[in-house]
Every structure is written in structure tokens, then in C-alpha cells.
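To keep things clear, I will list the structure first and then write my remarks on it.
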Amino acid sequence: MTSPAKQSKTKKNSVLDIASLNVISVPPTMRIIEGIQMMSRHNFRRLPITDPGTKKLIGIVTITDVIDMMGGGSRYNLIANKHKGNLLAALNESLREIATESVTGFSPATTIKEAASILLETGHGGFPILNPDTTLAGIVTEYDLMRMLAGKESDLVVDEIMTACPKKVAPDLPLSHVTKQIVDDGYRRLPVVKDGILLGMITATDIMGYLGKGRVFSEMQTGTVDEVLSLPVRDIMTAADIRTVSTDMPINAVAKEMLNRGIGAFPVMDGGRLSGIVTEFDLVKALTGTM
């Protein structure tokens, strides 16, 4: 396992200064449903898997891996082929079945600036920080960078950094359409729009929460994955109290609002219509120039 960042001779401005250090990790034998429940409970987007004896990192399960399993990509084979569509049986498999292994990480000597550059270059939401023996020292994410950068002064406004004319979905589309788009296009959330009106957002977190918070068990009748993937978006999306921002809102204010609410994106409205979406990634990219 190698670091994507060059080794630095100094620990000044180390990525450890902004990272989460008390990281929860789990053994590879944990069941998939238990891992999803833990991620939902703690609002994690990634869950490190470590060897119980050596504590060395084996792999990471991310929220995208969960969506991949739910029809988005190759991990769907676990349900469709191995378990013949039986979702409940697949969820009892070990977490390692859907994990990303051979994970690349930062070293503790990686600087904050180096980490920010690599996060932006790769588009990944976070990286583990690994000691020389590959034990876990911490995790650094876009959120950690934004928390550090939120107080930086910038003259930019939302309209200058947002993703304009974002892809959106209709409320009656099946969930399978969303899981596929999230994996294929790299989205973590999609606005839900009907007749030009913003109704809500469907996010990877919403889908994971449907499993992790137990709704799937109380609502399923057949136990098959097709039953879940045929659910309309409106049944799972976040609709109540959707916070939106305007195109002329300063990005510093948006970053602080995002941190206060603990969410990763806001729809952008202009004249009552959806104009774009602004995400953690957009804000970190813009504010990194102030470092």
C-alpha cells in the first residue's frame, strides 16, 4: 500500500491536524446489514475494515459501495446471482464482500495542502491516513477541509462555483434508476423535480438509511431486491424542509450553513426555479485557493 502524497520531512500543517482521529473500524466478519446500520446511526460515508489482531487496514466500505450493491454496479451480483435476488440473504453476508480493498491512503506526514490537492484531483470524498505499518491513524474528508476553510475570506458567490443545470429525477422513477446514476455518474445526490418544481432530494444517504434504519424490514413483503428497486423515488427522498440557497449567496456563508446543518449539498434557486446545486466538493475547490 503506497501513499498518493509524497513523504514530507516536517509535520507542520500535517493532515492529522484536521482529520478525524478516533475512527471507528470494524472486523471483516461483520455482516453487511450491521455495517450499514452503523453507518446510518453515525452518519458515516465510509467504514474502515481492520484486522482484529494486527489492527491493520484491510479495506473500506463506502456509501457508494452500498449503492453499488443495490443495483448500481458490479456488487449487485452478490444479490442478483449468488442469492438469486434475495436481498435479506445477501445482507447477512460479511461486509468484506462489498468492501473496496487495496485502499490507498495518506501518510501522517502529508500536508493539508497536499491532501486537499489530491482529494480535488481524484474526486474522492475522503482518504484514510495510514501509519508506516498500515494501521489506521485517522481519516480526512472533504468535510474536514471545509470546516478548516469555512472561515477563509472569499469574494465568490454561489453562481460562480455551483454545478449549473444539474441532472434531476422525477418522483415516480424507480429507485433502480437512481442507484445506477449514482454509481455511473459519480453523484451522491439528485434533485427531485416535477413540472419544474423542486420537490426534494434523493441522496445516497437516503437509500442507505432505508436499509440501515430498518424501514426495509417493516415494509418488504417478498424479501426480493426487485421489490425495493421498484420503489418510486418519492417514497425514499428527503422532502421536508429542504434548505435552498440563492445564486448570489456568498460561498463563505454557504459553507458555514452546510457545516451547521451537517449536510453535503444545497439546491440553488433563481427566481423560484432550480438553477443548480452546490456541494462540499464545490466549496472546498473554491476555498482551497485561499490557503
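Numbered according to my numbering, the sequence shown spans residues 17 to 307. All C-beta atoms, glycine included, are put in the ideal place defined by N, C-alpha and C. These numbers were taken from a predicted model, which means no experiment stands behind them.
Alpha-carbon spacing of D251 relative to G228, whole angstroms: Between D251 and G228, the C-alpha separation is close to 16 Å.
State yes or no: is the C-beta of D333 within less than 9 Å of the C-beta of T45? No answer is possible for residue 333: it lies beyond the span of the chain, which begins at 17 and ends at 307.
Assigned exposure category for I267 - 16 Cβ within 10 Å defines buried: Per the 10 Å Cβ criterion, buried.
Which first and last residues belong to the alpha helix (DSSP H) in which G225 is found? G225 -> alpha helix (DSSP H) spans A220 to G228.
Reducing DSSP to helix, strand and coil, say where I279 ends up. Note: I279 maps to coil in three-state DSSP.
To which residues of the same chain is M178 closer than 7 Å at the C-beta, ignoring the five residues directly before and after it? Cβ neighbours of M178 beyond the five flanking positions: V284, G292, I293, V294 and D298.
Please classify F233 as buried or exposed, where buried requires at least 16 other C-beta atoms within 10 Å of its C-beta. Counting Cβ neighbours within 10 Å, F233 comes out exposed, since fewer than 16 surround it.
Quick check on this structure: which residue in T66, R277 and K272 has the alpha carbon closest to the alpha carbon of I258? It is R277.
Does DSSP put N102 in a helix, in a strand, or in coil? In the three-state reduction of the DSSP assignment, N102 falls in the strand class, which pools E and B.
With DSSP run on the structure shown, which of helix, strand or coil describes M17? Unreliable placement is indicated for M17, whose pLDDT of 43 sits below 50; the coordinate value is still reported in the next sentence. M17 sits in coil when the DSSP states are folded into three classes, being neither helix nor strand.
Are the Cβ atoms of V209 and K168 separated by less than 9 Å? Contact check for V209 against K168 fails: the beta carbons are separated by 9 Å or more.
Contact check, K160 vs I34, beta carbons under 9 Å: Residue 160 is actually Asp in this sequence, not Lys. Yes, they are a contact pair.
When the Cα atoms are used, what is the spatial distance from N102 to I198? When rounded, the separation of the alpha-carbon atoms in N102 and I198 is 22 Å.
Inspect the beta-carbon positions of L73 and V119 and report whether they are closer than 9 Å. Yes.
Let me check one thing: in DSSP terms, what residues is D286 bridge-paired to? DSSP, once it has assigned bridges, lists R289 as partnering D286.
Under 9 Å, do D188 and P248 count as touching if we go by C-beta distance? Yes, these two residues count as a Cβ contact at 9 Å.
Rounded C-alpha distance that separates V174 from M265: Their Cα atoms are separated by approximately 6 Å.
Hey, would you say G280 sits closer than 9 Å to R205, going by beta carbons? Against a cut-off of 9 Å, the Cβ pair of R205 and G280 comes out as a contact.
Would you call the CB atoms of A186 and G216 closer than 9 Å? Contact flag unset, no.
Given 8 Å as the limit, is there contact between the stretch 83-93 and the stretch 129-149, that is, 3 or more CB pairs closer than that? No, they do not touch.
Tell me the rounded alpha-carbon separation between I223 and D242. In a straight line, the C-alpha of I223 is about 14 Å away from that of D242.
Using C-beta distances below 7 Å, list every residue in its chain close to T219, excluding the 5 sequence neighbours before and after it, in chain order. R204, R205 and T254, listed in sequence order.
In whole angstroms, what separates the C-alpha of P315 from that of E50? The structure shown has nothing for residue 315, since the chain only spans 17 to 307.
In chain order, each beta strand (DSSP E) run of at least 3 residues that lies wholly inside the stretch 86-150: For secondary structure counted as the beta strand (DSSP E) over 3 or more consecutive residues, the stretch 86-150 holds these complete runs in sequence order: 142-146.
From the DSSP secondary-structure annotation, give me the bridge partner or partners of M217. In DSSP, M217 forms a bridge with P207 and T254.
Residue interval of the alpha helix (DSSP H) (run including R163): Looking at the DSSP string, the run of the alpha helix (DSSP H) that includes R163 is E158 to L165.
Closest by C-alpha distance to K98, when choosing among A302, T240, L290 and D286: If you compare the alpha carbons of A302, T240, L290 and D286 with that of K98, the shortest gap goes to T240.
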